[in-house]
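A short worksheet on the structure shown next.
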């Protein structure tokens with residue numbers, strides 16, 4: 005499937021010169037190219053041939069990812085792969101294959117979560133193309149995605165998927181702010197909208213981080229006493245607190261969907277992977293007087309670390 009994907013690539017310049025390509029696709033391709041150049045020239049991420057080609061997938065997602073967690077403990081099932089090591093998710097190019105993988109796990113013992121993915125990084129092993137699944141992204145989300153994936157191609161720590169994703173999430177978020185500040189100015193509507201979403205992400209990250217810690221303690225304290233009904237009530241309480249405590253303070257539509265999610269442990273751990281516990285990254289940025297470059301260079305020092313969370317804390321002092 006990866007080979008088919010790579011063989012389907014068309015050079016972006018060729019696509020842009022095709023009169024049959026719609027204006028929206030052309031605009032997104034130009035934006036992706038600009039974001040890629042910015043990530044290398046202005047942010048200092050590793051130069052590559054990524055995003056210099058385009059693939060029309062004819063499907064909504066490039067892959068479908070399976071997450072699996074223990075039913076009564078916030079612990080991920082992991083898969084081992086060469087190069088990247090242990091990873092708490094497994095990707096499939098076919099949705100039915102992903103669903104079949106999820107069904108292998110006994111529903112009484114495990115929670116599962118299958119979701120579509122619009123893009124992924126091959127960590128520099130191949131020249132990653134822009135995918136048609138990325139075209140429907142909002143402009144700032146596309147820019148952030150390009151930066152996020154280029155962070156992976158610049159820094160990736162084996163068997164530390166959660167740390168890698170949080171690092172890419174944080175630097176992607178900071179990188180897109182710098183992009184919009186340079187392109188539109190601090191007082192512009194696009195930049196202010198970006199700040200509002202950033203505010204909401206920080207608010208939600210703090211909320212979900214605290215909730216995950218609390219439910220971890222709950223599972224540990226009650227262990228064998230927990231029934232499916234009690235677990236369902238405990239998860240629903242998270243949603244109720246979100247509606248009562250967080251939703252009234254949101255400045256954008258970014259997390260409006262959260263109250264409609266039927267939570268389980270696999271979904272909570274997916275949120276933990278991407279958006280929880282970003283505080284140490286924020287502290288490192290503050291220590292570096294807001295310098296993206298100095299923060300990136302500090303993070304590069306962690307590339308060979310076996311305990312990056314601990315070693316990140318050491319960089320703060």
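Numbering (this note's numbering), first residue to last: 5 to 321.
Every residue gets a Cβ at the ideal spot worked out from N, C-alpha and C, and that includes glycine.
Rank 200, 78 and 92 by C-alpha distance to the C-alpha of residue 84 and give the top, closest one.
92
Could you spell out the range, first to last residue, of the beta strand (DSSP E) harbouring residue 58?
57-59
Which listed residue (39, 108 and 129) has its alpha carbon closest to that of residue 7
129
As a quick exercise: from 25, 15 and 38, pick the residue whose alpha carbon is nearest that of residue 179.
38
Selection from 289, 246, 66 and 275 that minimises the alpha carbon distance to residue 166:
275
Supposed close pair residue 102, residue 68 - CB separation, criterion 8 Å:
4 Å
For a minimum of 4 consecutive residues, which ranges assigned as the alpha helix (DSSP H) are wholly contained in the stretch 214-287?
232-245 and 269-279
What are the boundary residues of the alpha helix (DSSP H) that residue 74 is part of?
Careful: residue 74 lies outside any alpha helix (DSSP H), inside the beta strand (DSSP E) at 67-74.
Mind checking which residues open and close the beta strand (DSSP E) that includes residue 121?
114-121
Take the Cβ of residue 248 as the centre, count every other Cβ of all protein chains shown within 10 Å, and call the residue buried at 16 or more, exposed below.
exposed
Secondary structure at residue 94, three-state DSSP: helix, strand or coil?
strand
Return helix, strand or coil for residue 135, following the three-state DSSP convention.
strand
Starting from residue 85, trace the beta strand (DSSP E) in both directions and tell me its first and last residue.
83-85
For residue 25, report the span of its alpha helix (DSSP H) as first-last.
Neither: residue 25 is in no alpha helix (DSSP H) and is coded neither H nor E.
Is the beta carbon of residue 171 less than 8 Å from the beta carbon of residue 155?
yes
Length-filtered (4 minimum) alpha helix (DSSP H) runs lying within the stretch 131-219:
143-158 and 165-188
8 Å Cβ cutoff met for residue 161 and residue 305
no
Smallest Cα separation from residue 297: which of 22, 208, 175 and 236?
175
Would you mind stating whether residue 70 and residue 94 have Cβ atoms separated by less than 8 Å?
yes
Near residue 33, what residues of its chain come up, given a Cβ to Cβ distance below 7 Å and the 5 sequence neighbours on each side ignored?
16, 19, 20, 58 and 134
Tell me whether the stretch 223-235 and the stretch 187-199 touch, counting them as touching only if at least three CB pairs, one residue from each stretch, are closer than 8 Å.
no
So, are the CB atoms of residue 269 and residue 36 less than 8 Å apart?
no
Are the CB atoms of residue 320 and residue 271 nearer to each other than 8 Å?
no
Suppose you measure from the CA of residue 1 to the CA of residue 181; what does that come to, to the nearest Å?
Examination of residue 1 is not possible in this model, given that the chain is present from 5 through 321 alone.
Buried versus exposed, by CB contacts within 10 Å (16 or more), residue 80:
buried
So, residue 150 versus residue 77, is the Cβ gap smaller than 8 Å?
no
So, at 6 Å on beta carbons, what are the nonlocal neighbours of residue 89 in its own chain, with the 5 sequence-adjacent residues on each side left out?
162 and 163
Excluding the 5 residues flanking residue 212 on each side, which residues of the same chain have their C-beta closer than 7 Å to its C-beta?
275, 279 and 280
Using beta-carbon positions only, say whether residue 208 and residue 141 come within less than 8 Å of one another.
no
Own chain, CB closer than 8 Å to residue 235, minus 5 neighbours either side, in chain order
75 and 76
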